[in-house]
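Shown next, in structure tokens, is the structure this report addresses.
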Amino acid sequence: MDALSSFTERLSQTRPYLLGVFGAGLAIAFWDPHPKLILTVALGISIGMLLLGPYAAAALYTTRLQYVLGGHLRWPLCLMLAVSSVVLMDYFLAWKMHQILLGGAATAAGTVLGHDACLAVLELRSSPVEKTDPWMVVLFPLLVGLAVLAGYCSLGFAIGLYQVLAAVVA
Amino acid sequence: MPAPLSRIVEDHFRDTVIGPPTYDATGNLPNMVVYPLYPAALGPEPPGMITLSQGLRRGVRLTDTGLVSQVHVDNPLAAPVLVGESEILEGPTQRRSVQISCVVPPFRRASLPVNCVEAGQPTQYQAEFTGAAPCPWYLRSFKMEQLAHHGESHQHRIWERIRDYLHHAGATSGTQDVGAVFATHGPDVDSLAGNFPLEPGQTGAICAVGQDVFVELYSDPELLEDQYDQVLRSALVEAVAHPTREVTPPEQVGKLPNSLAFACRHSRTMDSRSLRDGGRSQVFAGDGVSGSALVTGGRLVHLAAHKRYWGFGRPFADQVGELGQQRRAWLDENRAFAVELGRQYARRQREYDRFRRGLSPQAAPRLGGVQDLQVDDDGPFADPVQAPPPVPLSEGTFGFFLRLFRKG
Chain A
1 MDALSSFTER LSQTRPYLLG VFGAGLAIAF WDPHPKLILT VALGISIGML
51 LLGPYAAAAL YTTRLQYVLG GHLRWPLCLM LAVSSVVLMD YFLAWKMHQI
101 LLGGAATAAG TVLGHDACLA VLELRSSPVE KTDPWMVVLF PLLVGLAVLA
151 GYCSLGFAIG LYQVLAAVVA
Chain B
1001 MPAPLSRIVE DHFRDTVIGP PTYDATGNLP NMVVYPLYPA ALGPEPPGMI
1051 TLSQGLRRGV RLTDTGLVSQ VHVDNPLAAP VLVGESEILE GPTQRRSVQI
1101 SCVVPPFRRA SLPVNCVEAG QPTQYQAEFT GAAPCPWYLR SFKMEQLAHH
1151 GESHQHRIWE RIRDYLHHAG ATSGTQDVGA VFATHGPDVD SLAGNFPLEP
1201 GQTGAICAVG QDVFVELYSD PELLEDQYDQ VLRSALVEAV AHPTREVTPP
1251 EQVGKLPNSL AFACRHSRTM DSRSLRDGGR SQVFAGDGVS GSALVTGGRL
1301 VHLAAHKRYW GFGRPFADQV GELGQQRRAW LDENRAFAVE LGRQYARRQR
1351 EYDRFRRGLS PQAAPRLGGV QDLQVDDDGP FADPVQAPPP VPLSEGTFGF
1401 FLRLFRKG
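Chains as they are written, first to last, in our numbering: chain A, 1 to 170; chain B, 1001 to 1408.
Laid out in structure tokens, this is it:
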């Protein structure tokens, strides 16, 4: 992935990550096919990347929080932000324990990625010569969420296809 | 409304005296003549800024961002730091060359636009640059032309240029490092540099090398004194690497200020978001001239330019008599001026040394004073107090997103 590659070239380099997320979606479908769980994971990771991570970065680097613990507040802050969001959702939607845990893990991962992605965007924007690709900034987090859903749906698709083929053969 | 660059340059040269031609009297360097530049009158106050080399010794930190085109600078000093155009930043990472002259204000963190001058060396995120070295004029003028014409210098063209340059200069480098030319011709450059000593009060130099003329001018002699070694070597290496027996004659050199002022009419301002309040950097090209200038408060701080006088060169052997005559005549006519300039400069120098000695890294005052001068235009990178820098949670993911979000 170099600075001169196109959107599609750069996107194709993310294939291993997207496949990993796809596999996670598939695993969730095997474990608990209820759509609540997969939606929690997909939304948790996307919202973590798009909202909570950048929010954590903004809270850290534009306020006095950056001075606390010599700059090492970022890990606890990101995790606290993810966990508190999940706890808040649980309060309104009365989630089950495994949904809380899975949602918390997905949101925390999304927040960590979102924080670093936000710093990367700031780094690129502070350069007079580098250009940021806004489409990639918005689409990549959404694609990650969609890849989880795709992994989940693929199980249903595969089972349906199997049954159609079995019916045809029988 | 700020004054146009052409007028600033014109005014500056009106108050500048072109000194006597200096050359290697033994004839070992028949393609280089240096004309020192002096201020017509030297003010009593030394500059309130220091150069990057001095800054690095006093706590200024330059760190690699991992991006080829960008280096972070952190100035913890109470004085602005002048970063000269094309200074090569050295350290345990990929070598970079500063794109344009700029001033890093006191207590400021900012991003410096740079070019990579060592294609085969990978960047090392957060590695520190420890020194500054000269950049050959061949590359400098190419970069200036690129900037003036396109507003940016394409990195792959610079790499191509360096490859050709090293080939023509007979230098080899496993990492395509432009500095290899100094490694190859260093001993010659060192032995010949003594022919062109820095004169007291000198603020710049016009170096006629073959059929090219390079000029570098600073607002104050103290700044040139710190940078003179780089200024001289940058031109001298061209004379050594591309030996000829011709040199541009003095009558053409005398026309240079007018050519510069004319070329400056079509200048382009380089916008550096994080150093917006540190001065105005402009680049210009035209009429065989390419150059860059840094202006702060309507005053020219640094000017670097190159003019091609192709077809005007004359054999050095034919000119040596005339050059010697001119030199003697200048020294006879301006003896009193040179003595007075030297005396004033010595007084300023003492004061400037005191100023520099008093500089040490410190946290910015939280209230009043210098903090009032700062404009918070850099988001998270511009906090005036010594805050820890933004650090990614994982360097791997940070690097991944940098590459993913960078538009080609």
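Cβ coordinates follow ideal geometry from the N, Cα and C atoms, glycine included. These figures come from a predicted structure and were not determined experimentally.
Notebook entry, point to check: Going by C-alpha distance, which of B:1227, B:1006, B:1271, B:1269 is nearest residue 1053 of chain B?
Noted result: B:1227
Next item on the list: List the residues of chain B that residue 113 of chain A touches, going by C-beta distances under 7 Å, in chain order.
Entry: 1397
Notebook entry, point to check: What is the residue span of the alpha helix (DSSP H) that residue 115 of chain A lies within?
Noted result: 97 to 125
Notebook entry, point to check: Using a Cβ cut-off of 9 Å, which residues of the region 144 to 169 of chain A contact any Cβ in chain B, in chain order?
Noted result: none
Note to self: Let me see if you follow: with CB-CB separation under 9 Å, is residue 8 of chain A close to chain B or not?
What the structure shows: no
Note to self: For residue 1023 of chain B and residue 1013 of chain B, I'd like the C-alpha separation in whole angstroms.
What the structure shows: 23 Å
Item checked: Secondary structure of residue 1377 of chain B, DSSP reduced to three states -> Unreliable positioning characterises residue 1377 of chain B in this predicted model, as indicated by a pLDDT of 36, which lies under 50. The coordinate reading is nonetheless provided below. Residue 1377 of chain B: coil per DSSP, three-state reduction.
Next item on the list: Identify each residue in the region 1303 to 1314 of chain B for which the Cβ-Cβ distance to at least one residue of chain A is less than 8 Å, and report them in chain order.
Entry: none
Check: What distance in whole Å lies between the Cβ atoms of residue 53 of chain A and residue 112 of chain A, which are believed to be in contact at a cut-off of 8 Å?
Finding: 7 Å
Note to self: At the level of alpha carbons, what is the spacing between residue 1279 of chain B and residue 1197 of chain B?
What the structure shows: 30 Å
Item checked: Ordered list of beta strand (DSSP E) runs contained in the region 1053 to 1093 of chain B, each at least 3 residues -> 1061 to 1064, 1070 to 1075, 1081 to 1083, 1088 to 1090
Next item on the list: Could you check what DSSP says for residue 1177 of chain B in three-state terms: helix, strand or coil?
Entry: strand
Item checked: Residue environment, residue 1301 of chain B, which counts as buried when at least 16 other CB atoms sit within 10 Å -> buried
Item checked: Distance CB(residue 1035 of chain B)-CB(residue 1046 of chain B) smaller than 9 Å -> no
Next item on the list: Check the Cβ of residue 14 of chain A against every Cβ in chain B and list those closer than 9 Å, keeping chain order.
Entry: 1400, 1404
Note to self: Let's see if you can read the secondary structure: which residues bound the alpha helix (DSSP H) around residue 1258 of chain B?
What the structure shows: 1256 to 1263
Checklist line | Positions along the region 15 to 33 of chain A whose CB lies within less than 7 Å of some CB in chain B | finding: none
Check: What's the call for residue 1031 of chain B, buried or exposed, on a 16-neighbour Cβ count within 10 Å?
Finding: buried
Notebook entry, point to check: For residue 1231 of chain B, does the three-state DSSP call read helix, strand or coil?
Noted result: helix
Notebook entry, point to check: Relative to the alpha-carbon of residue 8 of chain A, which residue among A:103, A:166, A:133, A:158 has its alpha-carbon at the smallest distance?
Noted result: A:133
Notebook entry, point to check: How many angstroms separate the CA atom of residue 85 of chain A from the CA atom of residue 38 of chain A?
Noted result: 17 Å
Notebook entry, point to check: How big is the Cα-Cα spacing for residue 49 of chain A and residue 1157 of chain B?
Noted result: 37 Å
Next item on the list: Note down, in chain order, every chain A residue with its Cβ under 7 Å from the Cβ of residue 1390 of chain B.
Entry: 61, 119
Note to self: Quick check on the burial criterion: 16 or more other C-beta atoms within 10 angstroms. Buried or exposed for residue 1136 of chain B?
What the structure shows: buried
Margin query: Residues of chain B with CB closer than 7 Å to the CB of residue 136 of chain A, please, in chain order.
Written below: 1404, 1405
Notebook entry, point to check: Do residue 123 of chain A and residue 1065 of chain B have their C-beta atoms within less than 9 Å of each other?
Noted result: yes
Check: By how many angstroms is the C-alpha of residue 1108 of chain B removed from the C-alpha of residue 1383 of chain B?
Finding: Because the pLDDT at residue 1383 of chain B is just 38, under 50, the model does not fix this residue reliably, and the point stays unresolved.
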